[in-house]
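**Q** So the sequence lines, in the order shown, correspond to chains A and B. Position 169, counted from 1, in the first sequence is what the numbering used here calls 169; the numbers after and before it change by one each time, with no gaps. Positions in the second sequence are counted from 1; adding 272 to them yields the numbering used here. Where is the CB? At the ideal position from N, CA and C, for every residue including glycine. These numbers were taken from a predicted model, which means no experiment stands behind them. Provided herewith is a single structure, encoded as structure tokens, for subsequent inquiry.
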Amino acid sequence: MNFKTRLGLGILAFFAVIAVVGEWIAPYDPSEMGNDLLSPPSAAHWFGTTMTGQDIFSQVLVGTRGVMVVGLVCGVLATILSIVVGVTAGFLGGAADEALSMLSNVFLVIPALPLIIIVASMLPSADTVLIAAVISLTAWAWGARVLRAQTMSLRRRDFVEAARASGERTWRIIVFEVLPNLTAVIASGFVGTVIFAVMLQITLSFVGVVSLSTWNWGTVLFWAQSNQALGLGAWWWFVPAGLCIALLGTALALINFGIDEYANPRLRKVRA
Amino acid sequence: MTFLLRRAVFYLVTLWAAITANFLLPRLLPGDPVQAMITKLGGRLNSDAMASLYVLFGLDEKKSLWEQYVDYWGALLRGDLGLSFTFFPTPVADVLSQSLPWTLGLVGVTTVIAFVLGTLAGVYAGWKRGSWLDSLIPVTTFLSSIPYFWLGLIAISVFSVTFPLLPASGGYAAGLVPEWSWEFVGSVLEHAVLPGITIVVSSVAGWVLGMRNMMVTVSAEDYVLVARAKGLSQRRIMFAYAARNAVLPSISGFALSLGFIVGGALLVEMVFSYPGLGYVLFQGIGAKDYPLMQGVFLVITLAVLVANLLADVGYLLLDPRTRREG
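This is how it looks when you write it as structure tokens:
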């Protein structure tokens with residue numbers, strides 16, 4: 001493991017801890033209105049306060065959980081979907097492959113954001129888990145495509161032929177012969193999906209189609225935008241949440257590089 | 273030609289899927305938001321408008337789903353997307369045709385710039401692997417991890433609020449009339465700078481990384497070694513041998529990531545109140561304007577499909593193998 005990967009894992013672990021303990025270590029109730037209105041960062045309010053005197057540091061801390069939960073739930077759901085579709089298509093070939101590939105390409109090409117905005121705003125209650133499920137439905141296709149290509153290159157290998165010749169059932173070959181060889185691809189697909197899901201969730205909160213009753217980094221930005229934080233020069237209102245998003249995204253991308261380099265030795269750094 | 277034909281069939285299927293999803297969504301999801309809006313608008317809707325909303329959102333429960341579907345297609349083919357609640361009583365089709373050129377201009381130009389810039393940078397970074405250029409990777413990763421809309425917010429706060437250099441919102445200065453005059457075109461360009469740079473900065477990193485990794489992989493191929501052994505110039509090997517092959521995944525990826533980029537660009541329009549589809553969509557969300565939101569979705573899907581077809585033609589020109597097939 002190189003430095004970049006470790007850095008990524010470190011940042012991810014940091015946010016994971018915040019997601020668990022954020023609610024307890026937050027100095028204030030994130031929704032509680034205080035007397036310091038729109039004050040810049042200070043010792044009492046590390047990230048400053050909002051127009052109604054809410055503590056932004058607490059909002060970011062408490063909001064971490066929502067972000068991480070959606071990322072994790074979507075990552076798991078979408079990865080399972082992509083394995084089912086991608087590996088089946090790649091292993092079976094023929095008409096099943098044509099149909100499943102077509103399905104995943106359709107999902108890839110249709111612009112996800114406007115579609116999800118429509119779905120989310122039609123749902124009577126857009127809570128965190130429901131949104132995670134909706135995002136998963138659009139997030140699996142890329143992984144499926146990559147897995148299909150990789151599976152196709154595996155299915156004619158000798159060890160798979162051997163398993164077939166010895167009369168193994170198809171599902172057994174897939175689970176015990178093919179899947180273990182796809183671990184790196186699945187892992188990098190998982191990480192990529194988490195990035196996608198986190199970004200999408202924050203975006204949906206920012207445009208205001210998701211329930212605003214639970215905090216996440218996107219809701220912080222939504223309130224900043226709808227209260228004209230920019231025009232008021234209240235940079236502290238939108239900078240911390242955005243930096244957290246970028247940091248988390250970078251951490252996940254770095255982890256993904258680590259996985260890529262593990263899977264493709266040509267990408268590893270040449271030692272001088 | 274079979275290649276293009278197959279792609280065209282695929283795009284038609286995708287378009288059908290998008291339209292069918294648009295048809296089914298309001299019918300499947302619980303609640304009757306459109307009915308509520310119609311009740312609210314009350315007598316202000318004339319009977320024609322009412323009829324088309326009934327067709328589009330399946331409010332006429334006496335008809336079977338199949339009859340509704342046929343009527344829906346009929347309405348779409350006539351270009352009837354219903355009335356917008358936000359811009360009442362303007363038809364959705366009119367709202368869209370006013371905002372579409374803005375989006376096509378902004379997103380089209382910036383996407384091409386980002387793709388060309390990113391790919392060139394990736395060619396160099398991959399060719400000069402192991403040099404200081406590698407240290408740029410974490411920086412580009414960080415840039416690509418920033419949500420488009422947040423970068424837009426920062427750009428506004430720095431270049432419009434702190435240092436008032438560029439306008440923060442709108443597509444042209446207030447008071448100007450859209451026409452082909454220097455004043456108007458200049459104002460349009462001035463207003464496009466910040467949103468444009470925002471889109472380029474946040475989308476360029478993806479192309480750099482993809483291209484770099486492909487260059488690294490391709491540089492180890494035998495034909496590159498042969499080209500070196502022949503004593504060809506570095507430039508020629510880099511572009512005609514390595515880059516030409518390495519760019520193929522980027523181009524086929526272009527098609528697939530376009531939907532994602534357009535999504536980000538819509539957000540940039542929202543942040544900058546740019547008069548394109550994204551801002552229209554944003555206004556529609558606030559007012560629960562379903563006819564408008566669904567119209568935006570259809571138009572964007574159509575635009576993305578056309579752009580994909582263009583990318584396929586580019587792929588055909590670059591990769592002779594796809595041409596031989598037919």
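Between the stretch 429-440 of chain B and the stretch 514-526 of chain B, are three or more C-beta pairs nearer than 8 Å?
**A** Judged by Cβ distances under 8 Å, the stretch 429-440 of chain B makes no contact with the stretch 514-526 of chain B, as fewer than three pairs qualify.
**Q** Mapping DSSP to helix, strand and coil, what is residue 584/B?
**A** Here the question's residue 584/B lines up with position 312 in the second sequence. Helix at residue 584/B.
**Q** Which of helix, strand or coil does DSSP assign to residue 357/A?
**A** For chain A, the structure presents residues 1 to 272; residue 357/A sits outside this window and is missing.
**Q** How big is the Cα-Cα spacing for residue 211/A and residue 459/B?
**A** Position 211 of the first sequence holds residue 211/A. Position 187 of the second sequence holds residue 459/B. Using only the alpha carbons, I get a separation of about 38 Å.
**Q** Using a Cβ cut-off of 9 Å, which residues of the stretch 178-191 of chain A contact any Cβ in chain B, in chain order?
**A** Listed by position along the chain: nothing, the set is empty.
**Q** Can the beta-carbon of residue 390/B be found less than 7 Å from the beta-carbon of residue 488/B?
**A** As a first step, residue 390/B must be located in the second sequence, where it is residue number 118. As a first step, residue 488/B must be located in the second sequence, where it is residue number 216. No, the pair does not count as a contact, with Cβ atoms beyond the cut-off.
**Q** Step through the CB atoms of chain A and report whether any lies within less than 7 Å of the CB of residue 418/B.
**A** Along the second sequence, one-based indexing puts residue 418/B at 146. Yes, because at least one Cβ of chain A sits closer than 7 Å to the Cβ of residue 418/B.
**Q** With distance defined between alpha-carbon atoms, name the residue in 421/B, 441/B, 556/B nearest to residue 368/B.
**A** Translated into the one-based positions of the second sequence, residue 368/B becomes position 96. When each option's Cα is compared against that of residue 368/B, the closest is 556/B.
**Q** Check the Cβ of residue 13/A against every Cβ in chain B and list those closer than 8 Å, keeping chain order.
**A** For the purposes of this step, residue 13/A is identified with residue 13 of the first sequence, where counting begins at 1. Within chain B, no residue comes near residue 13/A; the closest Cβ sits about 17 Å away, beyond 8 Å.
**Q** To the nearest angstrom, report how far apart residue 438/B and residue 445/B are at their CA atoms.
**A** Walking along the second sequence from the start, residue 438/B turns up at place 166. Walking along the second sequence from the start, residue 445/B turns up at place 173. Cα to Cα, residue 438/B sits roughly 11 Å from residue 445/B.
**Q** Candidates 543/B, 468/B, 530/B, 326/B: which alpha carbon is nearest residue 207/A's?
**A** Residue mapping note: residue 207/A aligns to position 207 of the first sequence, counting from 1. For residue 207/A, the nearest C-alpha among the options comes from 543/B.
**Q** Work out the CA separation of residue 495/B and residue 457/B for me, nearest whole Å.
**A** Residue mapping note: residue 457/B aligns to position 185 of the second sequence, counting from 1. Residue mapping note: residue 495/B aligns to position 223 of the second sequence, counting from 1. Residue 457/B and residue 495/B: Cα-Cα distance of roughly 49 Å.
**Q** What does residue 55/A pair with, by DSSP beta-bridge criteria?
**A** For the purposes of this step, residue 55/A is taken as the residue at position 55 of the first sequence. DSSP output for residue 55/A lists 49/A as bridge partner(s).
**Q** What residue does the alpha helix (DSSP H) around residue 300/B start on, and which one ends it?
**A** Here residue 300/B refers to the residue found at position 28 of the second sequence. Segment 274-300, the alpha helix (DSSP H) holding residue 300/B.
**Q** I want to verify the contact list: residues of chain C whose CB lies under 7 Å from the CB of residue 413/B, in sequence order.
**A** Of the chains in the structure shown, none is chain C; the protein chains are A and B.
**Q** Report the option in 418/B, 394/B, 420/B whose CA atom is closest to the CA atom of residue 408/B.
**A** Numbered from 1 along the second sequence, position 136 holds the residue referred to as residue 408/B. Closest option to residue 408/B, Cα to Cα, is 394/B.
**Q** Pull up the distance between the alpha-carbon of residue 353/B and that of residue 383/B, whole angstroms please.
**A** What you label residue 353/B is simply residue 81 of the second sequence in a count that begins at 1. What you label residue 383/B is simply residue 111 of the second sequence in a count that begins at 1. Looking at the two C-alpha atoms, the distance is approximately 28 Å.
**Q** Would you list, in sequence order, the uninterrupted alpha helix (DSSP H) runs of no fewer than 4 residues that lie entirely inside the stretch 465-503 of chain B?
**A** With a minimum length of 4 residues, the continuous alpha helix (DSSP H) runs that stay inside the stretch 465-503 of chain B are 494-501.
**Q** With 7 Å set as the bound, which would you pick, yes or no: does the beta-carbon of residue 263/A sit closer than that to a beta-carbon of chain B?
**A** What you label residue 263/A is simply residue 263 of the first sequence in a count that begins at 1. So no, residue 263/A is outside the interface.
**Q** Does residue 259/A pass the burial test, meaning 16 or more other C-beta atoms within 10 Å, or should it be called exposed?
**A** As a working note, residue 259/A is residue 259 in the first sequence. Buried, since its Cβ has 16 or more Cβ neighbours within 10 Å.
**Q** What span of residues does the alpha helix (DSSP H) with residue 320/B cover, start to end?
**A** To locate residue 320/B, count along the second sequence from 1; it is residue 48. Note, residue 320/B: alpha helix (DSSP H), 319-329.
**Q** Quick check on residue 70/A: buried or exposed, where buried means 16 or more other Cβ atoms within 10 Å of its Cβ?
**A** Position 70 of the first sequence holds residue 70/A. The residue in question, residue 70/A, is buried, as its Cβ has 16 or more Cβ neighbours within 10 Å.
**Q** If you measure between the beta carbons of residue 91/A and residue 174/A, is that distance less than 7 Å?
**A** Taking the first residue of the first sequence as 1, we reach residue 91/A at position 91. Taking the first residue of the first sequence as 1, we reach residue 174/A at position 174. Yes, the Cβ-Cβ distance between residue 91/A and residue 174/A is below 7 Å.
**Q** For the stretch 238-257 of chain A and the stretch 187-194 of chain A, state whether three or more C-beta atom pairs, one from each stretch, are separated by less than 8 Å.
**A** A contact exists between the stretch 238-257 of chain A and the stretch 187-194 of chain A.
**Q** Which complete alpha helix (DSSP H) runs does the stretch 180-252 of chain A hold, if anything under 4 residues is left out?
**A** Counting whole runs of 4 or more residues, the stretch 180-252 of chain A contains the alpha helix (DSSP H) stretches 183-207, 217-226.
**Q** Just checking, does the stretch 79-87 of chain A make contact with the stretch 140-152 of chain A on the three C-beta pairs under 8 Å criterion?
**A** Yes: at least three Cβ pairs fall under 8 Å.
**Q** Spatial neighbours of residue 12/A within its chain, please: CB distance less than 6 Å, with the 5 preceding and 5 following residues excluded, ordered by chain position.
**A** As a first step, residue 12/A must be located in the first sequence, where it is residue number 12. Excluding residues within five positions, the ones whose Cβ falls inside 6 Å are 251.
**Q** Buried or exposed: which applies to residue 403/B, given that a residue is buried once 16 or more other Cβ atoms fall within 10 Å of its Cβ?
**A** Looking up residue 403/B in the second sequence gives position 131. Exposed, since its Cβ has fewer than 16 Cβ neighbours within 10 Å.
**Q** Might you give, ordered along the chain, the residues of its own chain that have their beta carbon closer than 8 Å to the beta carbon of residue 335/B, omitting 5 neighbours on each side?
**A** Reading the second sequence from its first residue, position 63 is the one you call residue 335/B. If we look at residue 335/B and ignore the five residues flanking it on each side, its Cβ neighbours are 343.
**Q** Check whether the stretch 572-582 of chain B and the stretch 279-286 of chain B touch, using three or more Cβ-Cβ pairs below 8 Å as the test.
**A** Yes, since at least three Cβ pairs between the stretch 572-582 of chain B and the stretch 279-286 of chain B fall closer than 8 Å, the two stretches touch.
**Q** In whole angstroms, what separates the C-alpha of residue 52/A from that of residue 472/B?
**A** Looking up residue 52/A in the first sequence gives position 52. Looking up residue 472/B in the second sequence gives position 200. Their backbone Cα atoms lie some 35 Å apart in a straight line.
**Q** Compute the Euclidean distance between the alpha carbons of residue 415/B and residue 326/B, then round it to the nearest angstrom.
**A** Here residue 415/B refers to the residue found at position 143 when the second sequence is read from its first residue. Here residue 326/B refers to the residue found at position 54 when the second sequence is read from its first residue. Cα-Cα distance, rounded: 46 Å.
**Q** Taking Cβ positions only, does residue 311/B come closer than 7 Å to chain A?
**A** Locating residue 311/B in the second sequence gives position 39, counting from the first residue. It does not: the Cβ of residue 311/B has no partner Cβ on chain A nearer than 7 Å.
**Q** Please determine if the stretch 460-471 of chain B and the stretch 531-541 of chain B are in contact, where contact requires at least 3 C-beta pairs separated by less than 8 Å.
**A** Yes: at least three Cβ pairs fall under 8 Å.
**Q** Taking C-beta pairs closer than 7 Å, name the residues in chain B that residue 300/A reaches, listed in chain order.
**A** The question about residue 300/A has no answer here: the residues shown for chain A are numbered 1 through 272.
**Q** Please confirm if residue 429/B has its CB atom under 7 Å from at least one CB of chain A.
**A** Taking the second sequence and counting its residues from 1, the one referred to as residue 429/B is at position 157. Yes, contact with chain A.
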